[in-house]
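Report on the following structure.
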Amino acid sequence: MFQSSQTGIRDVRFGPDVQVTEPCNLYECTIGGNSFVGPFVEIQKGVIIGERCRIQSHSFICERVTIGTDCFIGHGVMFVNDLFSKGGPSGNPDEWKPTHIGNHVSIGSNATILPVSICDNVVIGAGAVVTRDITEPGKYAGNPAKKMSLFITP
0 MFQSSQTGIR
10 DVRFGPDVQV
20 TEPCNLYECT
30 IGGNSFVGPF
40 VEIQKGVIIG
50 ERCRIQSHSF
60 ICERVTIGTD
70 CFIGHGVMFV
80 NDLFSKGGPS
90 GNPDEWKPTH
100 IGNHVSIGSN
110 ATILPVSICD
120 NVVIGAGAVV
130 TRDITEPGKY
140 AGNPAKKMSL
150 FITP
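Position one of the sequence shown corresponds to residue 0 (numbering that gives the first Met the number 0), numbered consecutively onward.
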């Protein structure tokens with residue numbers, strides 16, 4: 000037997016002047032004013048996105064994620080809330096972990112963000128995998144993501 004879930008935009012709290020490019024799947028979330036959501040994005044129940052954010056195409060923002068103001072989420076960024084702690088996916092939302100993204104955070108395309116907290120003024124490089132909290136502003140890249148030092152060449 001075939002079962003289908005409807006996709007689209009349902010029960011979303013939008014701030015003023017939000018731009019959404021369909022198709023997308025947004026439900027029971029909050030998107031702050033002057034933000035942009037690109038096509039093929041899914042934002043799940045309970046997610047809060049601050050003002051003046053840009054969520055690029057093909058990104059997935061799962062339940063229990065909060066994103067601050069003035070943030071950029073690149074193409075294909077994946078947020079994870081289930082760490083498969085019992086060897087497989089948990090169907091129990093009480094076992095899912097939260098993720099908090101501060102203000103002025105930019106996350107590069109195809110990054111994966113596990114349940115962590117990221118402070119304000121951070122840049123996450125494309126393809127990075129963030130496995131631990133980031134408590135110091137700066138640029139982070141790699142798998143697992145690490146703070147990059149500045150190298151100045153003559």
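Yeah, the Cβ is synthetic: ideal placement off N, Cα and C, and Gly gets one too. Bear in mind the structure is a predicted one, so any value in this text is a computation, not a measurement.
Straight-line Cα distance separating residue j from residue i
i, j, result
"SER58", "VAL40", "5 Å"
"CYS28", "ASN109", "22 Å"
"PHE13", "GLY31", "6 Å"
"GLU50", "ASN102", "10 Å"
"LYS44", "LYS145", "30 Å"
"ILE100", "CYS118", "7 Å"
"PHE35", "ALA125", "20 Å"
"VAL17", "ALA127", "28 Å"
"VAL76", "VAL122", "13 Å"
"PRO22", "GLY7", "7 Å"
"ASN91", "ILE66", "23 Å"
"VAL104", "ARG53", "11 Å"
"VAL11", "ASN142", "34 Å"
"ASN33", "ILE48", "11 Å"
Beta-ladder partner(s) of residue i, from DSSP
i, result
"LEU113", "Note: LEU113 sits in no beta bridge, so no partner."
"HIS99", "THR65, SER116"
"MET77", "PHE59, THR111"
"GLU41", "ASN24, PHE59"
"THR29", "ARG12, ILE47"
"ILE145", "Strictly speaking, residue 145 in this sequence is Lys, with Ile absent from that position. Beta-bridge pairing links LYS145 to ALA140."
"ARG53", "PHE35, PHE71"
"VAL128", "THR111"
"VAL104", "VAL121"
Where residue i falls, given that 16 or more other Cβ within 10 Å makes a residue buried
i, result
"PHE71", "buried"
"PRO38", "exposed"
"GLY107", "buried"
"ASN80", "buried"
"ASP69", "buried"
"GLY73", "buried"
Supposed contact pair residue j and residue i - C-beta distance, whole angstroms, cut 8 Å
i, j, result
"ALA19", "VAL46", "The sequence given here places Val at residue 19; Ala does not occur at that position. With 8 Å as the limit, VAL19 and VAL46 do not qualify as a contact, their Cβ atoms being about 14 Å apart."
"ASP132", "VAL115", "5 Å"
Across the region 76-88 and the region 130-144, are there enough close Cβ pairs to call them in contact, namely three or more that are closer than 8 Å?
no
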